[in-house]
Amino acid sequence: MNDLGPLGKMLIVMGFFLVALGGVLLLATKIPHLGLGRLPGDIYIKRGNFTFYFPIVTCIVLSIVLTLLLNLFFRR
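Numbering (the numbering used here), first residue to last: 119 to 194.
Next comes the structure, spelled out in structure tokens:
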């Protein structure tokens with residue numbers, strides 16, 4: 119039979135990550151969002167009853183911040 123130890127550890131780590139993410143999402147409503155989602159460069163088109171919104175600059179900023187944070191925490 120295969121050794122399932124690494125799979126079990128991975129599932130536990132993913133579970134802790136999901137719990138932490140859930141906590142962050144619960145607390146996110148109490149923390150000011152600092153203008154994220156309304157940055158200059160985000161695409162917002164409103165014509166009649168049609169609205170299109172694509173936060174491209176917000177996505178880029180979040181990607182850079184998360185990349186830096188993850189590189190700091192998971193550097194070998």
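Here a beta-carbon is modelled for each residue, glycine too, at the ideal position from N, C-alpha and C.
Quantities reported herein were computed from a predicted structural model and do not represent experimental measurements.
#1: Helix, strand or coil: how does DSSP classify F192 here?
#2: Could you give the distance in angstroms between the alpha-carbon of P124 and the alpha-carbon of F192?
#3: Can you give the Cα-Cα distance for I163 and A138, rounded to whole angstroms?
#4: Could you name each continuous beta strand (DSSP E) segment of 3 residues or more that falls completely within the region 137–175, going from the start of the chain to the end?
#5: So, for Y171: in the same chain, excluding its five sequence neighbours on each side, which residues have a beta-carbon less than 6 Å away from its beta-carbon?
#6: Can you tell me which of the three DSSP states L125 falls into?
#7: Could you tell me the alpha carbon to alpha carbon distance between V131 and L188, rounded to whole angstroms?
Based on what the coordinates show:
#1: In the structure shown, F192 sits in coil (DSSP, three-state: anything other than H, G, I, E or B).
#2: So the two alpha carbons sit approximately 19 Å from each other.
#3: Within the model, the alpha-carbon separation for I163 versus A138 is close to 35 Å.
#4: Qualifying beta strand (DSSP E) stretches, in chain order: 161–165, 168–172.
#5: Answer for Y171: Y162, listed in chain order.
#6: Assigned with DSSP and collapsed to three states, L125 falls in helix.
#7: When rounded, the distance between both Cα atoms is 15 Å.
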